[in-house]
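In mature numbering (1 follows the signal peptide of the UniProt record, and there is no 0), the protein residues as written are -17 to -1, 1 to 107.
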């Protein structure tokens, strides 16, 4: 009887350990969109709406660059569903690459070009 209990306990432990390993294999995905937000209120609307979408782990919504970056759990959501959610609120959701996203954001922040950021001291 003790052997049977021990075997059942071990089988359950191995079964649960296997499920945990499977769950850990699911990775987060990142999708980027170009949008048409006009102001900070638009940015807030999109942010508040998307943060409750299934599987969303992180968001970067910026009206100045009209970009949206969403990190979500693979298997819980999809690029298409997130785009549809953005469009449901009345905004564009044109999918772009992460490289395009970074370039657009850098340009919007005024750093789309190379120059020296040091403050030049006046000569005495």
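Even for Gly, the Cβ is constructed at its ideal location relative to N, Cα and C. It should be emphasised that the depicted structure is a prediction, and the values quoted were computed from it without experimental measurement.
{"Asked": "What's the gap between the Cα of residue 73 and the Cα of residue 21?", "Found": "12 Å"}
{"Asked": "Check residue 178 in the structure and name its three-state DSSP category.", "Found": "Residue 178 lies beyond the residue range present for the chain, which begins at -17 and ends at 107; the question has no answer from this structure."}
{"Asked": "Taking residue 48 as the reference, which of 31, 25, 10 has the closest Cα?", "Found": "25"}
{"Asked": "Roughly how many angstroms lie between the CA atoms of residue 23 and residue 78, to the nearest whole one?", "Found": "21 Å"}
{"Asked": "Mind checking residue 46: buried by the 16 CB within 10 Å criterion, or exposed?", "Found": "buried"}
{"Asked": "Tell me where the alpha helix (DSSP H) around residue 74 begins and ends.", "Found": "Here residue 74 belongs to no alpha helix (DSSP H), and DSSP marks it neither H nor E."}
{"Asked": "Can you have a look at residue 113 and say buried or exposed, based on whether 16 or more other CB atoms are within 10 angstroms of its CB?", "Found": "Examination of residue 113 is not possible in this model, given that the chain is present from -17 through 107 alone."}
{"Asked": "Roughly how many angstroms lie between the CA atoms of residue 42 and residue 11, to the nearest whole one?", "Found": "12 Å"}
{"Asked": "In this structure, how does DSSP classify residue 22 when only helix, strand and coil are distinguished?", "Found": "coil"}
{"Asked": "Pull up the distance between the alpha-carbon of residue 115 and that of residue 14, whole angstroms please.", "Found": "Nothing in the structure corresponds to residue 115, since the chain is present only between -17 and 107."}
{"Asked": "Within a Cβ cutoff of 6 Å, which residues of the same chain sit near residue 91, ignoring the five residues on either side of it in sequence?", "Found": "47, 48"}
{"Asked": "Counting only the same chain and skipping the five closest in sequence on each side, list residues whose C-beta sits under 7 Å from that of residue 36.", "Found": "60, 65, 68"}
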